[in-house]
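Asker: Numbering (our numbering), first residue to last: 2 to 724. Every residue, glycine too, gets a C-beta built ideally from N, C-alpha and C.
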Amino acid sequence: MTTPEFRPDGAESLRSIPLFQTLSDAECAELESTLSPRRLAPDEVLFHQGDPGDALFLIRSGQVRIVSEAGEQAVLLARLGPGEFLGEMSLLSDDPRSAAAIAEVETEILELRRSSFEALTERRPLIAEQARRVMDARRAGDWDRAFANEARSLVAIPETMDRILIGRSESCDVVVAEPTIDAEHAEIRRTPDGLILRDLGSVSGTYCNRVPVKETPLNDGDEIWLGAVKMFLQNGVLKQFEPSRRIRLEAEGVGNVVRGGRRILQGIDLAIYPGELVALVGPSGAGKTTLLHDLLGFQPPTDGEIYYDSLPLRTHHDVFRRVLGYVPQSDIIHPQLTVEQTLHYAGRLRLPADTTEEELRARIDRVLDQVGLADERQNTVGRLSGGQRKRASIAVELLTEPRIFFLDEPTSGLDPGLDEQMMLLFRRLADEGRTVILTTHATRNLRVCDRVVVLSHGRDVFMGSPDEALTHFDVDDFIDVYPKLATDDPVELSERYHASELYSRGVRSRLITTIGSSPAELAAAADAVPRRPEQSALEQGARSWRQFQQLSARYLATIRADRPSLALLVLGALVVAALSIPVFGRDIFALSSLNGGSFVSAIVLLFVIALSSFFLGSANAAREITKEAEIYRRERLVDLSPVAYVASKVAVLSMFSVVQSVLLVGALALAIRFPGPQSETIPLMMTTALLTSLAGMAMGLFISSFSRNSDQAMILVPLLLIP
2 MTTPEFRPDG AESLRSIPLF QTLSDAECAE LESTLSPRRL APDEVLFHQG
52 DPGDALFLIR SGQVRIVSEA GEQAVLLARL GPGEFLGEMS LLSDDPRSAA
102 AIAEVETEIL ELRRSSFEAL TERRPLIAEQ ARRVMDARRA GDWDRAFANE
152 ARSLVAIPET MDRILIGRSE SCDVVVAEPT IDAEHAEIRR TPDGLILRDL
202 GSVSGTYCNR VPVKETPLND GDEIWLGAVK MFLQNGVLKQ FEPSRRIRLE
252 AEGVGNVVRG GRRILQGIDL AIYPGELVAL VGPSGAGKTT LLHDLLGFQP
302 PTDGEIYYDS LPLRTHHDVF RRVLGYVPQS DIIHPQLTVE QTLHYAGRLR
352 LPADTTEEEL RARIDRVLDQ VGLADERQNT VGRLSGGQRK RASIAVELLT
402 EPRIFFLDEP TSGLDPGLDE QMMLLFRRLA DEGRTVILTT HATRNLRVCD
452 RVVVLSHGRD VFMGSPDEAL THFDVDDFID VYPKLATDDP VELSERYHAS
502 ELYSRGVRSR LITTIGSSPA ELAAAADAVP RRPEQSALEQ GARSWRQFQQ
552 LSARYLATIR ADRPSLALLV LGALVVAALS IPVFGRDIFA LSSLNGGSFV
602 SAIVLLFVIA LSSFFLGSAN AAREITKEAE IYRRERLVDL SPVAYVASKV
652 AVLSMFSVVQ SVLLVGALAL AIRFPGPQSE TIPLMMTTAL LTSLAGMAMG
702 LFISSFSRNS DQAMILVPLL LIP
């Protein structure tokens, strides 16, 4: 059986290891020369837990499982494939191995001995300095900056300790510095019958042995998941496994068929390593955006399967929901808000409810620095340049530290200089450990990508490095690929590619999901992964209420910032009243025509009030959902409640319906005398106008929910208003 293969390419592969992230190309090349190849047979043990650590390993081909050995219990911590590494800590520390490593299939690794590394540090002072910084970070407890794919002890649980609190807060006994973890997430209590693990009402849930729990006995060897953080109990010690914060993505035979039987995609195979920057390119209509939506889970493909870290995305989307980042073609931020306001509301919607203002401000400061917008934080989004707006959209996604990032035409409409800046930003995001996948028509800066996927008429016709792309299509520049795609038969192009050594080596051999595993074994492994627990009605209500509050506040902020729209909402009723007053006499509701009464005029005025109220209500609401379609779609990926979203629109628009009804009837009452006691009639008229306006608002929101754009919605309002 052919196994996937990884070939170190100097700087790019070795810099995926935190210890070597700051090395130069020359230093990486010298380091690469010290690597020694080694082969492992299936089920061969690379090292046991507790063995002395004296080498780092890079996986060249095959797959290795990392397990914690605790008596008869063996907790599976991770499966690592080509391009991933393990044992980094052993280069700097005499600590024993924190877990065991076992080959799943025939595996080839590259070994870096500590003696070789120490000799290299003597020749290269900068490498020694980087090693010192990593060790300092570890001593300071900043494990995230120190090592990856390692298990570390968090706390021993002596019999004298009755309670261990786990969460994001510094006051907890075990602090987990993850943005999606609650301040007080879970606790371990000692009882006469043993240890108990209890969830404390967390948003992302607590799992024991991959089962969502509220409270459960905790035994030696049990595995604990808090959100995306994995812990386990071993010999009375609570430990945490620090995985590399990356995702491997695989797609096999992916296809899409839309209504009418038209096929958009057919037979797409992809294998994307963790931390790679990958561009999907091809002419318009090639299926790039459809494939991107399949890969991020907007819709499951009609054919084939997509895997994240060997787990089918179709059934495990909830597991990865909070580690996905997505920036569509159109901006997913409100142009009326400042950059800081945009990030504040996004953080409140996506981060745990107990995230403090200080924590949120710190995260906002960090992501603004990452995307280079620190000086623009008080500027409104609408005043930013195209490149800055795209950076602001990316900053929103970075708030939750996504491990895999999707961008749809992120450089569309930008000049060559900005295009280059954006591509270099994506390169930095990938170098920080994220898997970054983008669609693009621009070809000028594709060389910064690790891999390029070329599509033609829904088929994959190439996947490989930028240099391999030029060789495969026999061109000198990427722009020359497009004429070939326009004139050559896509079926022939795809068949030629799939029959090539390039496909076998660059895709087929990189797919590791099914290596050494039967379909039944894959299904069993998939079922063993944490699933999102069902929330009670009370928990769902609390979540929806929090989202409703933030959505309403954000909606009000956008209206306040858009002064022309605010003026129209407030003054529209006064304009209608001002135009109506000259047409009607003051006493048209009098019983006698001799006193100025006019039955016809009175009926017409009542009709004008009803029609105006209904129209104002529907016009206010008709654009509110359709203009935020992309924003809503993205926020649904992070568990936005549709009820909370619609309720926020209804609540805010209802406030303006009240204002408009009072102003409309109140202004008319100044010039026209309504029948009966005015103290009774005017409130009754206002109430009637309000109910009519609310009915119009409901129709407007209904129109907005299915309209393709704001213009279409406004055209439909009068068409539906007449009947």
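1. Would you kindly check if the distance between the Cβ of residue 197 and the Cβ of residue 190 is under 8 Å?
2. Please confirm whether residue 1 and residue 62 have their CB atoms less than 8 Å apart.
3. Thinking just about the alpha-carbon of each residue, which of 223, 428, 445, 333 is nearest to the one in residue 396?
4. According to DSSP, residue 53 sits in a beta bridge with which residue or residues?
5. Could you name the residues that DSSP lists as bridge partners for residue 547?
6. Just to confirm, is the Cβ distance from residue 603 to residue 582 under 8 Å?
7. Could you compute how far the alpha carbon of residue 388 sits from the alpha carbon of residue 339?
8. For residue 525 and residue 102, I'd like the C-alpha separation in whole angstroms.
9. Where do the N-terminal and C-terminal ends of the beta strand (DSSP E) with residue 440 fall, by residue?
10. Quick one: complete beta strand (DSSP E) runs, 3+ long, within the region 404-471?
11. Determine the DSSP secondary structure at residue 111, reduced to helix, strand or coil.
12. Taking 7 Å as the limit between beta carbons, can you name the residues of its chain near residue 297, skipping five residues before and five after?
13. Going straight from the alpha carbon of residue 255 to that of residue 512, what length do you get?
14. Helix, strand or coil: which one does DSSP assign to residue 181?
15. Do you know how far the Cα of residue 715 is from the Cα of residue 415?
16. Rounded to whole angstroms, what's the CA-CA distance from residue 1 to residue 698? Just pull it up for me.
17. Would you grab the beta carbon distance between residue 725 and residue 32 for me? Rounded to a whole angstrom, and I think it's under 8 Å.
18. Hey, out of 46, 347, 59, 271, whose CA is closest to residue 36's CA?
19. CA-CA distance, residue 507 and residue 425?
20. What is the DSSP secondary structure of residue 234, reduced to helix, strand or coil?
21. Would you call the region 40-49 and the region 266-286 touching, i.e. three or more CB-CB distances under 8 Å?
22. Would you give the residue range spanned by the alpha helix (DSSP H) that residue 33 belongs to?
23. Assuming residue 152 is part of the beta strand (DSSP E), what are its boundary residues?
24. Counting C-beta neighbours from all protein chains within 10 Å, is the total for residue 688 16 or more, i.e. buried, or is it exposed?
25. Just verifying my parser: in three-state terms, what is the DSSP assignment at residue 268?
26. Going by C-alpha to C-alpha distance, which of 134, 435, 98, 301 sits closest to residue 253?
27. Could you check whether residue 393 and residue 385 sit closer than 8 Å to each other, using their CB atoms as the reference points?
28. Check residue 718 in the structure and name its three-state DSSP category.
29. Based on Cα-Cα distance, which residue from 352, 574, 215 lies nearest to residue 617?
30. Take residue 153 as the anchor and find which of 188, 50, 108, 179 has the nearest alpha-carbon.
31. Check each candidate in 68, 448, 383 and name the one with the smallest Cα separation from residue 231.
32. Label residue 548 either buried or exposed according to how many other C-beta atoms from any shown protein chain fall within 10 Å of its C-beta, with 16 as the threshold for buried.
33. Would you report the Cα separation of residue 305 and residue 436, rounded to the nearest angstrom?
34. Does the region 634-647 come close enough to the region 349-356 that 3 or more CB-CB pairs lie under 8 Å?
35. Check each candidate in 354, 657, 646 and name the one with the smallest Cα separation from residue 706.
36. For residue 615, report the span of its alpha helix (DSSP H) as first-last.
Answerer: Working from what's here:
1. Translated into the one-based positions of the sequence shown, residue 190 becomes position 189. Translated into the one-based positions of the sequence shown, residue 197 becomes position 196. Their beta carbons are under 8 Å apart, which means residue 190 touches residue 197 by this criterion.
2. Any question about residue 1 goes unanswered here, given that the chain covers just 2 to 724.
3. Start at 1 with the first residue of the sequence shown, and residue 396 comes out as number 395. Nearest option by C-alpha distance: 333.
4. For the purposes of this step, residue 53 is taken as residue 52 along the sequence shown, with counting starting at 1. In DSSP, residue 53 forms a bridge with 97.
5. Reading the sequence shown from its first residue, position 546 is the one you call residue 547. Bridge partners of residue 547: none, in fact.
6. In the sequence shown, residue 603 corresponds to position 602, counting from 1. In the sequence shown, residue 582 corresponds to position 581, counting from 1. No. Outside cutoff.
7. Taking the first residue of the sequence shown as 1, we reach residue 388 at position 387. Taking the first residue of the sequence shown as 1, we reach residue 339 at position 338. One C-alpha to the other measures close to 16 Å.
8. The residue labelled residue 525 in the question sits at position 524 within the sequence shown. The residue labelled residue 102 in the question sits at position 101 within the sequence shown. Caution applies to residue 525, whose pLDDT of 48 falls short of 50 and renders its modelled position unreliable; the value that the coordinates give is listed next. Rounded to whole angstroms, residue 525 to residue 102 spans 21 Å at the Cα level.
9. Within the sequence shown, residue 440 is the residue found at index 439, counting from 1. Its beta strand (DSSP E) spans residues 436-440.
10. For the region 404-471, the continuous beta strand (DSSP E) assignments of 3+ residues that do not extend past its boundaries occur at 405-409, 436-440, 452-457, 460-465, in sequence order.
11. Stepping through the sequence shown from its first residue, residue 111 is reached at position 110. Residue 111 falls in the strand class under three-state DSSP.
12. As a working note, residue 297 is residue 296 in the sequence shown. The beta carbon of residue 297 lies closer than 7 Å to those of 325, 327, 407 in the same chain, with the five residues before and after it left out.
13. One-based indexing of the sequence shown puts residue 255 at position 254. One-based indexing of the sequence shown puts residue 512 at position 511. If I take the Cα positions, the gap works out to 14 Å.
14. As a first step, residue 181 must be located in the sequence shown, where it is residue number 180. It is coil, neither helix nor strand.
15. Taking the sequence shown and counting its residues from 1, the one referred to as residue 415 is at position 414. Taking the sequence shown and counting its residues from 1, the one referred to as residue 715 is at position 714. If you take the alpha carbons of residue 415 and residue 715, they lie about 31 Å apart.
16. Look at the range of the chain in this structure, 2 to 724, and you will see that residue 1 is not part of it.
17. Examination of residue 725 is not possible in this model, given that the chain is present from 2 through 724 alone.
18. Taking the sequence shown and counting its residues from 1, the one referred to as residue 36 is at position 35. Residue 36 has its Cα closest to that of 59, out of 46, 347, 59, 271.
19. Sequence index remark: in the sequence shown, residue 507 carries index 506 (1-based). Sequence index remark: in the sequence shown, residue 425 carries index 424 (1-based). Each residue's alpha carbon lies about 24 Å from the other.
20. By one-based count along the sequence shown, residue 234 stands at place 233. The answer is strand: DSSP assigns residue 234 an E or B state.
21. By the Cβ rule, the region 40-49 does not count as touching the region 266-286, because fewer than three pairs are nearer than 8 Å.
22. The residue you call residue 33 lines up with position 32 of the sequence shown. It spans 26-33 - the alpha helix (DSSP H) in which residue 33 sits, taken as one unbroken run.
23. Numbered from its first residue, the sequence shown carries residue 152 at position 151. 151-157 is the span of the beta strand (DSSP E), which, as asked, contains residue 152.
24. Taking the sequence shown and counting its residues from 1, the one referred to as residue 688 is at position 687. Burial call: exposed.
25. By 1-based counting over the sequence shown, the position of residue 268 is 267. Strand at residue 268.
26. Numbered from 1 along the sequence shown, position 252 holds the residue referred to as residue 253. Selected option, being the one with the closest Cα: 301.
27. As a position in the sequence shown, residue 385 is number 384, starting the count at 1. As a position in the sequence shown, residue 393 is number 392, starting the count at 1. Going by C-beta atoms, residue 385 is nearer than 8 Å to residue 393.
28. In the sequence shown, the residue the question calls residue 718 occupies position 717. Three-state result, residue 718: helix.
29. On the sequence shown, residue 617 is found 616 positions in, with the first residue counted as 1. When only C-alpha atoms are compared, the closest one is 574.
30. Here residue 153 is taken as the residue at index 152 of the sequence shown, counted from 1. Considering only alpha carbons, the answer is 50.
31. The residue given as residue 231 occupies position 230 in the sequence shown. Residue 68 is the option with its Cα nearest to residue 231.
32. Taking the sequence shown and counting its residues from 1, one reaches residue 548 at position 547. Residue 548 is buried by the Cβ-count criterion.
33. Start at 1 with the first residue of the sequence shown, and residue 305 comes out as number 304. Start at 1 with the first residue of the sequence shown, and residue 436 comes out as number 435. Looking at the two C-alpha atoms, the distance is approximately 21 Å.
34. In the pairwise beta carbon analysis, the region 349-356 is classified as touching the region 634-647: at least three pairs are separated by under 8 Å.
35. Sequence index remark: in the sequence shown, residue 706 carries index 705 (1-based). Answer by Cα proximity: 646.
36. Residue mapping note: residue 615 aligns to position 614 of the sequence shown, counting from 1. Note, residue 615: alpha helix (DSSP H), 600-622.
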